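To start, the structure itself, in structure tokens.
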Amino acid sequence: MALRPIVTLPNLVLKRKAKPITKFDKNLQTLIDDMIETMRDAPGVGLAAPQVDISEQLIVVEYSEDDDDDDEGDEEKPEKLKKLYVMINPEIVKTSEEKVLGVEGCLSIPGIQGEVERFEAIQVKGLNRFGKPQKLKLKGWMARIFQHEIDHLNGILFTDLATRLWKFQEEEEHEL
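In this text, residue positions in the sequence shown follow our numbering: the first is 442, and each later residue adds one.
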């Protein structure tokens, strides 16, 4: 495994539609492992292949819904393990009617946050790292992360969708 550099704007790979993956070989497994290591090192909760200069339809997400909880005053609460998702050729197949506003950031657009409207719940289908079909029902922050990462595969950045943008401090949480 190796850390890969995260590309930032104005790199055009971020604005390009990524190609579907058809070959499940050792190179793909290495890319997946490298992306996981890069995401964790950043640190981030999600990473799309275009963010490491690979225009292919692959995302990795690692997050625990407990990360949304306010742990202040709850010293005894055990830390819940984060769940790792690898999805190849992901596609949103169903969305809720309800949309919600939320704050997002992006490892490829450092120092900027924005308010983005996203579907509250989604269903996503795609392939796992071994080419087996998978389908996920997601809601809340997890649905937001997947929508953000899938947008990367279509050349869409959160800044394209934001109702407003601002600079932020490095210690902010939940950077995508």
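Idealized CB from N, CA, C, for every residue including glycine. Computed from a predicted structure; not experimentally measured.
*Determine the DSSP secondary structure at Gly485, reduced to helix, strand or coil.*
Here residue 485 corresponds to residue number 44 of the sequence shown, with the count starting at 1. Coil at Gly485, not helix or strand.
*To the nearest angstrom, report how far apart Lys536 and Gln564 are at their CA atoms.*
Counting from one through the sequence shown, the residue named residue 536 turns up at place 95. Counting from one through the sequence shown, the residue named residue 564 turns up at place 123. The question names Lys, but residue 536 is Thr in the sequence shown. Using only the alpha carbons, I get a separation of about 6 angstroms.
*asked:* Is the separation between the beta-carbon of Ile473 and that of Val501 shorter than 8 angstroms?
replied: In the sequence shown, the residue the question calls residue 473 occupies position 32. In the sequence shown, the residue the question calls residue 501 occupies position 60. The answer is yes: Cβ separation under 8 angstroms.
*Pick from Ser549, Val557 and Leu548: whose alpha carbon is nearest that of Lys540?*
Taking the sequence shown and counting its residues from 1, the one referred to as residue 540 is at position 99. Of the listed residues, the one whose Cα sits closest to Lys540 is Val557.
_Classify Pro491: buried if its beta carbon has 16 or more other beta carbons within 10 angstroms, exposed otherwise._
Here residue 491 refers to the residue found at position 50 of the sequence shown. Counting Cβ neighbours within 10 Å, Pro491 comes out buried, since at least 16 surround it.
*Give the single residue among Ala443, Val493, Asn468 and Leu602 whose Cα lies nearest to the Cα of Lys475.*
In the sequence shown, residue 475 corresponds to position 34, counting from 1. For clarity, residue 475 is Asp in the given sequence; the question names Lys instead. Nearest C-alpha to Asp475: Ala443.
*Would you identify the three-state DSSP class for Gly567, choosing helix, strand or coil?*
Translated into positions along the sequence shown, residue 567 becomes position 126. In the structure shown, Gly567 sits in a strand (DSSP, three-state: E or B).
*Measuring alpha carbon to alpha carbon, tell me which of Met583, Lys524, Thr479 and Pro551 ends up nearest Gln610.*
On the sequence shown, residue 610 is found 169 positions in, with the first residue counted as 1. Ranked by Cα distance from Gln610, the options Met583, Lys524, Thr479 and Pro551 are led by Pro551.
*For Asn530 versus Leu469, is the C-beta spacing smaller than 8 angstroms?*
Numbered from its first residue, the sequence shown carries residue 530 at position 89. Numbered from its first residue, the sequence shown carries residue 469 at position 28. No, the Cβ-Cβ distance between Asn530 and Leu469 is not below 8 angstroms.
*Return the CA-CA distance between Ala584 and Lys576, expressed in angstroms with no decimal places.*
Within the sequence shown, the letter at position 143 stands for residue 584. Within the sequence shown, the letter at position 135 stands for residue 576. Looking at the two C-alpha atoms, the distance is approximately 13 angstroms.
*Cβ-Cβ distance between Arg559 and Gln588 below 8 angstroms*: As a first step, residue 559 must be located in the sequence shown, where it is residue number 118. As a first step, residue 588 must be located in the sequence shown, where it is residue number 147. Contact: yes.
_Can you find the residues in the same chain that come closer than 8 angstroms, C-beta to C-beta, to Lys524, ignoring five residues on each side of it along the sequence?_
Stepping through the sequence shown from its first residue, residue 524 is reached at position 83. These residues qualify, in order along the chain: Glu503, Tyr504 and Ser505.
*Quickly, what does DSSP pair Ile553 with across the bridge? List them, please.*
The residue you call residue 553 lines up with position 112 of the sequence shown. Its beta-bridge partners are Lys608.
*Boundaries of the beta strand (DSSP E) in which Glu561 is found, first to last residue*: Working through the sequence shown from its first residue, we reach residue 561 at position 120. Neither: Glu561 is in no beta strand (DSSP E) and is coded neither H nor E.
_Nearest residue (CA-CA) to Leu542, options Tyr526, Lys456 and Leu602_ = Translated into the one-based positions of the sequence shown, residue 542 becomes position 101. The candidate whose alpha carbon is nearest that of Leu542 is Leu602.
*Ile462: which of Leu488, Leu594 and Gly485 sits nearest, CA to CA?*
As a first step, residue 462 is located in the sequence shown; it is residue number 21 there, counting from the start. Ranking Leu488, Leu594 and Gly485 by Cα distance to Ile462 puts Leu594 first.
_Selected residue, minimal CA-CA separation from Gly546, among Gly581, Tyr526 and Ile586_ = Within the sequence shown, the letter at position 105 stands for residue 546. Among Gly581, Tyr526 and Ile586, the Cα nearest to that of Gly546 is on Ile586.
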